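S.K.: In our numbering, the protein residues as written are 17 to 391. Okay, here's the structure, questions in a sec.
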Amino acid sequence: MKLFDVYPLFDVNIVRGQGCKVWDDKGQQYLDLYGGHAVISIGHSHPHYVEKVGEQLGKLGFYSNSVINRLQVELAERLGPICGYDDYQLFLINSGAEANENALKLASFTNGRTRVLSAEKAFHGRTSLAVEVTNNPKIIAPINDNGHVTYLPLNDLTAWEQELQKGDVCAVILECIQGVGGIKLATKEFAQGLQKLCKQYGTVLICDEIQCGYGRSGKFFAHQWLDIKPDIITVAKGIANGFPMGGVLISPEFKPVYGQLGTTFGGNHLACAAALAVLDVFEEEHLVENADTVGNYLMNKLKELNSDRIKDVRGRGLMIGIDLDCPHKEIRQPLIYQEHCFTGCAGTNILRLLPPLCLTIEEADDFIERLKKVL
């Protein structure tokens, strides 16, 4: 048997990591400015994280959600005040796509509607409903193309209002910073106007914080820069620093009904131990604040490069897009193979930076020097 070939792979075998650095099987060190698709929030192999996950594995790795799991309760109780949503309810699952699936289902259960508004260039996952609200026809199979979704330009409030006033929209799903879409930011005027319209027309507002949330933007959630409060918030990626986990934060206005939502592996003991260790490190090392400080420093340094190859630099915190005048592979590949530095990409010409939130000023400077050599 061989692997089903779904990804184009770089010829690098990463075998260990520490902080913002990883090593391949030949002993070569790499600077990690991608964090495994924004998953590594507190750094690779953080000693507290390793200790807590190992400690839990020695006690109990898994048991069914048919019994009390005090770790789930502790996670909900701690996450609420840290993220600013103490009165919300938490449903734990396994991934970001699953979080968005359940958020959309819950919205439809609540108002009985089927139509959803999503932004152009949005990415919300690859499963059934999640991929249907993703604006990429290349990954939407015919079985998923059910006509539920209208895609609209980000920040064009008039276009969204024209659809919402029809009164049949179940939910709006929004990334306040688009990741795969090229690090495009929603404006405060747009987001606040959209929230007001959703309330007016009985539409559920879902903020997808899977990539832009969990401290990455320099606030716990990216939508907090915009002074809005969504009805449902979806999270994953950085929540457990690499352990598969997702979550749905649900307004107290929503009342649970047994049987509507469920999960086998979601919120298992190991995942919760990992997520609790992440919150410990967030608090002890002030990583949300660090993302803001180092992210601003890095963006300013990138803008100071004044390279003809760079058309624009945009983002918030440690979620940064470098818009190039050439295909991103022309810069990304030599960064990996010559300068030993990982970055991500978006579209055809954007380098995407999503490093661990523990990135230091010194490591930011190191990246700038490596990028300058390639440019």
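Backbone N, C-alpha and C fix where the C-beta goes; we use that ideal spot for every residue, glycine too. The structure displayed is predicted, hence computed values, not measured ones.
Cutting at 8 Å between CB atoms, please list the residues of its own chain near T150, excluding the five before and the five after it.
M.R.: Taking the sequence shown and counting its residues from 1, one reaches residue 150 at position 134. Taken in chain order, the residues that qualify are S134, A138, F139, H140, G141, R142, I156.
S.K.: What number of angstroms, rounded off, separates the C-alpha of M315 from the C-alpha of V28?
M.R.: Within the sequence shown, the letter at position 299 stands for residue 315. Within the sequence shown, the letter at position 12 stands for residue 28. Rounded to whole angstroms, M315 to V28 spans 28 Å at the Cα level.
S.K.: Grab me the residues of T203's own chain with a C-beta within less than 6 Å of its C-beta, minus the 5 sequence neighbours each way, in chain order.
M.R.: In the sequence shown, the residue the question calls residue 203 occupies position 187. Correct list, in chain order: N171.
S.K.: Report yes or no: do three or more beta-carbon pairs, one from the segment 303-310 and one from the segment 332-345, lie closer than 8 Å?
M.R.: With a cut-off of 8 Å, the segment 332-345 and the segment 303-310 count as touching, because enough Cβ pairs lie within range.
S.K.: Give me the Cα-Cα distance between T126 and G254, rounded to the nearest whole angstrom.
M.R.: Taking the first residue of the sequence shown as position 1, residue 126 is located at position 110. Taking the first residue of the sequence shown as position 1, residue 254 is located at position 238. Each residue's Cα considered, the two are about 29 Å apart.
S.K.: Would you call E299 buried or exposed, if buried means 16 or more other Cβ atoms sit within 10 Å of its Cβ?
M.R.: Within the sequence shown, the letter at position 283 stands for residue 299. Exposed, since its Cβ has fewer than 16 Cβ neighbours within 10 Å.
S.K.: My parser needs the beta strand (DSSP E) runs of 3 or more residues fully inside the segment 20-83; what are they?
M.R.: Listed in chain order, they are 30-34, 37-40, 45-48.
S.K.: What are the start and end residues of the alpha helix (DSSP H) that includes Y353?
M.R.: In the sequence shown, the residue the question calls residue 353 occupies position 337. Unbroken alpha helix (DSSP H) run through Y353: 345-353.
S.K.: Would you decide whether S111 is buried or exposed? Buried here means 16 or more other CB atoms lie within 10 Å of its CB.
M.R.: Within the sequence shown, numbered from 1, the residue matching residue 111 stands at position 95. Buried: at least 16 other Cβ atoms inside 10 Å.
S.K.: Since C192 and H239 should fall inside the 8 Å C-beta cutoff, what is the C-beta to C-beta distance between them, to a whole number of angstroms?
M.R.: Here residue 192 refers to the residue found at position 176 when the sequence shown is read from its first residue. Here residue 239 refers to the residue found at position 223 when the sequence shown is read from its first residue. The pair is a contact, with the Cβ atoms about 5 Å apart (cut-off 8 Å).
S.K.: Just to confirm my understanding: we take V31, look at its own chain, exclude 5 residues before and 5 after, and list those with CB closer than 7 Å. What are they?
M.R.: Sequence index remark: in the sequence shown, residue 31 carries index 15 (1-based). Counting only Cβ-Cβ distances below 7 Å, and skipping sequence neighbours, we find W39, D40, D41.
S.K.: Straight-line CA distance for D102 to A92?
M.R.: In the sequence shown, the residue the question calls residue 102 occupies position 86. In the sequence shown, the residue the question calls residue 92 occupies position 76. So the two alpha carbons sit approximately 9 Å from each other.
S.K.: Would you report the Cα separation of I58 and N257, rounded to the nearest angstrom?
M.R.: Against the sequence shown, residue 58 aligns to sequence position 42. Against the sequence shown, residue 257 aligns to sequence position 241. Taking the straight line from one Cα to the other gives about 7 Å.
S.K.: Counting only the same chain and skipping the five closest in sequence on each side, list residues whose C-beta sits under 7 Å from that of C361.
M.R.: Here residue 361 is taken as the residue at index 345 of the sequence shown, counted from 1. Excluding residues within five positions, the ones whose Cβ falls inside 7 Å are H344, R348, L367, R368.
S.K.: Hey, could you find the ends of the beta strand (DSSP E) A187 is sitting in?
M.R.: Position 171 of the sequence shown, counted from the first residue, corresponds to residue 187. Counting along the chain, the beta strand (DSSP E) containing A187 begins and ends at 185-190.
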